[in-house]
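Chemist: Just dropping this structure here.
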Amino acid sequence: MSNALSKVKLPYLLLLPGFLFLFTFFILPIVNLAQTSTQTPIVGGDTGQYEQTLQFSNYISAFTENKEQFARSFIFALCATVLALAIAYPLAYAIAFKAGKLKNFLLVLVVAPFFVSFLLRTIAWKQILGEEGFVVPTLRSIGIIGQSTTLTSTSFAVVMGMTYNFLPFMTLPLYASLERIDPRTMEASGDLYANGITTFRKVTLPLSMPGVVAGTLLTFIPAAGDYVNAAILGSPNTKMIGNVIESRYFKIVDYPTAAALSFTLMAAILILVTIYIRKAGTEELV
Amino acid sequence: MADVSSATHGDLRLTRITKSYGDFTAVNDLSLTIPEGSFFALLGPSGCGKTTTLRMIAGLEEPTVGSIHLGTTDITTKRPYQRPINTVFQNYALFPHLTIFENIAFGLRRRGIKDVDADVNKVLDLVELPHLAQRKPTQLSGGQQQRIALARAIVNRPALLLLDEPLGALDLKLRRQMQIELKWIQREVGLTFVHVTHDQEEAMTMADTIAVMNEGEIEQMGSPADLYDNPGTAFVANFLGQSNLIKGRIEGTDGDNLVVDLFGQKISMPKSRSHAVDSSIYAGIRPEKFRISLVGTPTRGNILTGGRIEDVSYIGVSTQYQVTMPWGQEVMVFEQNDDGVPPFDKGDEVVISWEPNFTFALRGDDDVEAGLEVNPEELDEE
Amino acid sequence: MNKQIDATIPTIPTKARLSRWFGRNLIRIYAVFGFTYLFIPVLYTFAFSFNDAGKSNLIWKGFTLDNWKNPCGAPEVCTALGNSIKIGLLATVFSTILGTMIAFAIGRYAFKGRSSSNLLIFLPMATPEIVLGASLLSLFLVFHINPGFWPTVIAHVMFCISFVVVTVKARIASLDPRLEQAAMDLYANELETFRRVTLPLVAPGIAGAALLAFSLSFDDFIITNFNSGTLKTFPEFVYTSAARGIPAQANVIGSAMFILALLIVIAGQFVGKKVKVSK
């Protein structure tokens, strides 16, 4: 019967359409990006016309010209990740262990704000932290910030926006990991003379590491390439590498540089992530 | 729809079945005939290959070598849905998205039967759960799920019903009750049951014929009484109930009996109950066949002197003794507490006696530890 | 001299009792603050949807229900919303179909190239959106395809597939293989088993994946920005009108989507409770 034959072929048949699609619209574009990155503008041609010259120096010039933005992107992403971890961990912990019957409801509550378009939310923060919002005048009257300090158009606002927008990416994996911990292991720890803090350090935290790793990766990777928060909540002084790439496509047309920057960004992320995963020791992400 | 002819029936015959996974052989050259209409048990420890054998009969695995016949039909390569065989799975495997009624009707509908009401209700009555027809499996208790799983299989009147340790997840009392019910249902409906279990009490309670499996092979097959009374190997002797195995040597014959020397003491046993191949043997006696008496009191039958009571356990129904014999071996003796006589004390010097006809003899080169304890490492292999 | 001996309940001094209560409930208190923080911009958006603001919704001018009564009063809002929904639906349909097929292949069969397949699925999720968007735009430019509606749909399908695969694969993994064996034991052939047992049990996972794909598509900005050209989706509209002030109708749409999504999720919880798969 053709049963045996189709059993061997079936998985490949199932994969074919999807993989064909991904190959055409993911792999191919990235390959194309690679070959764009080594092009140079055609002398005497219109903007947007390039020829392939294998100019690898594009990478060097792209990187050196935008060192500052690269550094800023990674610093911002790191800050946002750490902040998100600090904010999300206790929240996930509360839902996993202190919520009882409300667990599912609270989980929905964590995700719910993100049903509002993230553009709207980010702009809301811009208004809230702006001159007409309630935060700045209040802080000024208490005296925490000076009369001339603003919160918008600052690095602070950008990092804050990033932290806020990536919170669910941090919270959900943390929750999933914490939820899997058998509460009796924590009881056993108490039985064996550990106080609350020690139990957390020696039992809960190590057991939740897979969630921490997943959450930090799911936050850091998109954050490093983000530019929307910087555009809305920042100023020209807070440009991230994403802003540069975007402007190289739409404002100052310079595809090879943009391509080179994109690849450099990808490579940098890949290297950092690989080191991080090695150190953290968790391999299964998907 | 599936072409399952209910006319395919008869004895189930496994011929030289072997199942290997790479280097590992789960079932080794196994041949077996299960008579139509009988309650057959495959008994053995975890990892012995009994579940693999069952799955090959169901069609969920294919044998590497060998053939399977149902009556005159060769079903070796037939898919599960082409065999008139149904399985009651260990964890019941009830379809969680269907009602109990639809679960039971599932097989009937796949076979193209349109009017399922009568059959489904009849079998629901048989397992005494007609009120659960519209519930979902997750709303049922373990015992109820087990009975529905059985109903789902039986309603198809298969030529063969396979049960894969179906009572494992039930508590003791419920299990005992289900054992009796299953036996009754089998007689009522007249199907052939093949029951896989590691619980020897369960097999003995329910089965007409038991095949004891060990490491992919059948060690011995027969009625519960045959296997218990006259085990042929140490594995069977130790796995089914408990045995005292005492090293000895055949010295000579005496009519229909053998004269056996056990560490200098002489006993006799029927020639027909010896499985030995030469003069070196293990003499086997079940603990309940031993009688303890104090030195000097009258005894009859085989006698072993020089015992000293090492431990006394009062179990209510019986008292269990560990008695150290002069050659250092500790034997077990079970005495029924049925005569009001107070139990013996630790340290008492006693004499052991028993009826010679209860003795069985195993090969002297047999592994006396076989079938004794479950090795925890083997538990994952099944 | 009658001394009364009553059974004394040990009393903990108030200070210690307070600090114990704090210790136990510190995290709960924190959670309250945390949730408040999460909802601040949502509440702000919701509040300002009632602002009698005209075209520039930056300062509170007065309460009105007009925006809610006439959500398409600012026509660009509804056009953008319409685009987002159309693209979202198309992207959802295609990515769910393609992704589910892949999930079944990877989750069900052991075949050569399985781990590489897993890697291929993982890569888009690990690539920054800007790289995904930019590279796709570059490809379109090479083939002289202008950014617009269909390039956007293609882009959305591309990044949604991975999420669909992960979601459906998880559901498939939790499926007890013995259920399918039981179906075949009960005379269902492979196709019937799939139709009557496998598919119904995986369906909630597929539905969840579709919902996820739609939300990702609807809320996407960066990849869309690179590939939509003159077409504007809702997020793009909000972004470009941020400078001069977003019409209050956008807030209405945003709040409405929030409430709708919340209702769907809560409804899903109730349905999910009825069909619980136990292993």
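Chains as they are written, first to last, in the numbering used here: chain D, 25 to 310; chain F, -14 to 367; chain Z, 129 to 407.
For each residue, glycine too, the CB sits at the ideal point set by N, CA and C.
Contact between the region 322 to 339 of chain Z and the region 222 to 241 of chain Z is defined here as three or more beta-carbon pairs at a separation below 8 Å; is this criterion met?
Modeler: yes
Chemist: Could you have a look at D100 (chain F) and say whether DSSP puts it in helix, strand or coil?
Modeler: Against the second sequence, residue 100 (chain F) aligns to sequence position 115. D100 (chain F): coil per DSSP, three-state reduction.
Chemist: Of all the CB atoms in chain Z, is at least one closer than 8 Å to the CB of R64 (chain F)?
Modeler: For this step, residue 64 (chain F) is matched to residue 79 along the second sequence. Yes, its Cβ sits closer than 8 Å to a Cβ of chain Z.
Chemist: In this structure, how does DSSP classify M264 (chain D) when only helix, strand and coil are distinguished?
Modeler: Taking the first residue of the first sequence as 1, we reach residue 264 (chain D) at position 240. DSSP places M264 (chain D) in coil when its eight states are reduced to three.
Chemist: Counting along the chain, where does the beta strand (DSSP E) carrying H54 (chain F) start and finish?
Modeler: Here residue 54 (chain F) corresponds to residue number 69 of the second sequence, with the count starting at 1. Residues V50 to L55.
Chemist: Measuring alpha carbon to alpha carbon, tell me which of F:S338, F:G313 and F:G332 ends up nearest F319 (chain F).
Modeler: For the purposes of this step, residue 319 (chain F) is taken as residue 334 along the second sequence, with counting starting at 1. If we check each option's Cα against that of F319 (chain F), F:S338 comes out closest.
Chemist: Does V399 (chain Z) come out as helix, strand or coil in the three-state DSSP assignment?
Modeler: For the purposes of this step, residue 399 (chain Z) is taken as residue 271 along the third sequence, with counting starting at 1. Three-state DSSP puts V399 (chain Z) in a helix.
Chemist: Any contact of the region 241 to 256 of chain F with the region 285 to 294 of chain F, i.e. 3+ C-beta pairs under 8 Å?
Modeler: yes
Chemist: For Q130 (chain F), which residues of its own chain have a beta-carbon under 7 Å away from its beta-carbon, when the five flanking residues on both sides are left out?
Modeler: In the second sequence, the residue the question calls residue 130 (chain F) occupies position 145. Excluding sequence neighbours, Q130 (chain F) sits near Y77, L79 and P122.
Chemist: Considering only heavy atoms of the ligand GDP, does any lie closer than 7 Å to the CB of D330 (chain F)?
Modeler: Only the bare structure without any ligand can be found here, which leaves the ligand GDP out of the picture.
Chemist: Taking the beta strand (DSSP E) that Y217 (chain D) falls in, what are its first and last residues?
Modeler: As a working note, residue 217 (chain D) is residue 193 in the first sequence. Counting along the chain, Y217 (chain D) falls outside any beta strand (DSSP E), and DSSP gives it neither H nor E.
Chemist: For the region 228 to 264 of chain D, list the alpha helix (DSSP H) runs that are entirely contained and at least 4 residues long, ordered along the chain.
Modeler: 233 to 248 and 252 to 257
Chemist: How close, in whole Å, do the beta carbons of L340 (chain Z) and T295 (chain Z) come, if the pair is a contact with beta carbons under 8 Å?
Modeler: Locating residue 340 (chain Z) in the third sequence gives position 212, where the first residue counts as 1. Locating residue 295 (chain Z) in the third sequence gives position 167, where the first residue counts as 1. Indeed, because the Cβ distance is near 6 Å, the residues count as touching under 8 Å.
Chemist: Specify the secondary structure class of I273 (chain Z) as computed by DSSP and reduced to three states.
Modeler: Your numbering for residue 273 (chain Z) matches position 145 in the third sequence. It is coil, neither helix nor strand.
Chemist: For L369 (chain F) versus T38 (chain F), is the C-beta distance shorter than 8 Å?
Modeler: One cannot answer for residue 369 (chain F) here, as it falls past the ends of chain F, which runs -14 to 367.
Chemist: Tell me the rounded alpha-carbon separation between V221 (chain Z) and I66 (chain D).
Modeler: Locating residue 221 (chain Z) in the third sequence gives position 93, where the first residue counts as 1. Locating residue 66 (chain D) in the first sequence gives position 42, where the first residue counts as 1. A direct Cα-to-Cα measurement between V221 (chain Z) and I66 (chain D) gives close to 42 Å.
Chemist: Using a C-beta to C-beta distance shorter than 7 Å, which residues of chain F count as neighbours of L307 (chain Z)?
Modeler: Counted from its first residue, the third sequence places residue 307 (chain Z) at position 179. A78 and F80, listed in chain order.
Chemist: State the CB to CB distance for the pair I414 (chain F) and T177 (chain F), rounded to an integer number of angstroms; the pair is presumed to be in contact (CB under 8 Å).
Modeler: With chain F running from -14 to 367 in the structure shown, residue 414 (chain F) is simply not present.
Chemist: Whose CA, out of F:R293, F:I266 and F:G356, lies closest to the CA of G349 (chain F)?
Modeler: Position 364 of the second sequence, counted from the start, is the residue given in the question as residue 349 (chain F). When only C-alpha atoms are compared, the closest one is F:I266.
Chemist: Return the bridge partner residues of S302 (chain Z) from the DSSP annotation.
Modeler: Sequence index remark: in the third sequence, residue 302 (chain Z) carries index 174 (1-based). In the DSSP output, where bridge partners are listed per residue, S302 (chain Z) has none listed.
Chemist: Against chain D, with Cβ distances strictly below 8 Å, would I81 (chain Z) count as a contact?
Modeler: Nothing can be reported for residue 81 (chain Z): it is not among the residues displayed for chain Z, which extend from 129 to 407.
Chemist: Is there a C-beta anywhere in chain Z that falls below 8 Å from the one on G128 (chain F)?
Modeler: Counted from its first residue, the second sequence places residue 128 (chain F) at position 143. Residue-level contact by beta carbon fails for G128 (chain F) and chain Z, as no gap is shorter than 8 Å.
Chemist: Give a yes or no on whether 8 Å exceeds the smallest Cβ distance from Y90 (chain D) to chain Z.
Modeler: Here the question's residue 90 (chain D) lines up with position 66 in the first sequence. The sequence given here places Asn at residue 90 (chain D); Tyr does not occur at that position. So no, N90 (chain D) is outside the interface.
Chemist: Please return the same chain residues whose Cβ sits closer than 8 Å to the Cβ of G157 (chain D), not counting the five positions on each side in sequence.
Modeler: Sequence index remark: in the first sequence, residue 157 (chain D) carries index 133 (1-based). Excluding residues within five positions, the ones whose Cβ falls inside 8 Å are Q151.
Chemist: Measure the alpha-carbon distance for R242 (chain Z) versus I234 (chain Z) and round it to whole angstroms.
Modeler: By 1-based counting over the third sequence, the position of residue 242 (chain Z) is 114. By 1-based counting over the third sequence, the position of residue 234 (chain Z) is 106. Their backbone Cα atoms lie some 6 Å apart in a straight line.
Chemist: Identify each residue in the region 42 to 56 of chain F for which the Cβ-Cβ distance to at least one residue of chain Z is less than 7 Å, and report them in chain order.
Modeler: A43 and L45
Chemist: If you draw a straight line from the alpha carbon of L135 (chain F) to that of R324 (chain Z), how long is it in whole angstroms?
Modeler: Within the second sequence, numbered from 1, the residue matching residue 135 (chain F) stands at position 150. Within the third sequence, numbered from 1, the residue matching residue 324 (chain Z) stands at position 196. Each residue's Cα considered, the two are about 20 Å apart.
Chemist: Identify, in the order they occur along the chain, each residue of the same chain with its Cβ nearer than 6 Å to the Cβ of G266 (chain D), setting aside the five sequence neighbours on each side.
Modeler: Locating residue 266 (chain D) in the first sequence gives position 242, counting from the first residue. The residues are G249, D250 and Y251.
Chemist: From D323 (chain F) to T284 (chain F), what does the alpha carbon distance come to, in whole angstroms?
Modeler: One-based indexing of the second sequence puts residue 323 (chain F) at position 338. One-based indexing of the second sequence puts residue 284 (chain F) at position 299. Rounded to whole angstroms, D323 (chain F) to T284 (chain F) spans 18 Å at the Cα level.
Chemist: How would you list, in chain order, the residues of chain D whose beta-carbon sits under 9 Å from the beta-carbon of T255 (chain Z)?
Modeler: Residue mapping note: residue 255 (chain Z) aligns to position 127 of the third sequence, counting from 1. Correct list: F50, I54, I245, G249, M290 and I293.
Chemist: Look up H284 (chain Z) in the DSSP assignment and say whether it is helix, strand or coil.
Modeler: What you label residue 284 (chain Z) is simply residue 156 of the third sequence in a count that begins at 1. Helix.
Chemist: Taking the alpha carbon of Q124 (chain F) as the point to measure from, which residue in F:Y306, F:K107, F:D102 and F:H82 has its own alpha carbon closest?
Modeler: Numbered from its first residue, the second sequence carries residue 124 (chain F) at position 139. Of the candidates F:Y306, F:K107, F:D102 and F:H82, the one whose C-alpha sits nearest the C-alpha of Q124 (chain F) is F:H82.
Chemist: Verify the CB distance criterion: does V9 (chain D) have a CB-CB separation below 8 Å to chain Z?
Modeler: No answer is possible for residue 9 (chain D): the residues shown for chain D start at 25 and end at 310.
Chemist: Alpha carbon to alpha carbon, how far is F220 (chain F) from N342 (chain F)? Give it in angstroms, no decimals.
Modeler: The count along the second sequence starts at 1 and reaches residue 342 (chain F) at position 357. The count along the second sequence starts at 1 and reaches residue 220 (chain F) at position 235. Cα-Cα distance, rounded: 21 Å.
Chemist: Along the beta strand (DSSP E) that carries P65 (chain D), what are the first and last residues, could you check?
Modeler: In the first sequence, residue 65 (chain D) corresponds to position 41, counting from 1. Counting along the chain, the beta strand (DSSP E) containing P65 (chain D) begins and ends at Q63 to P65.
Chemist: To which residues does DSSP link E320 (chain F) through a beta bridge?
Modeler: As a first step, residue 320 (chain F) is located in the second sequence; it is residue number 335 there, counting from the start. Answer is F:T304.
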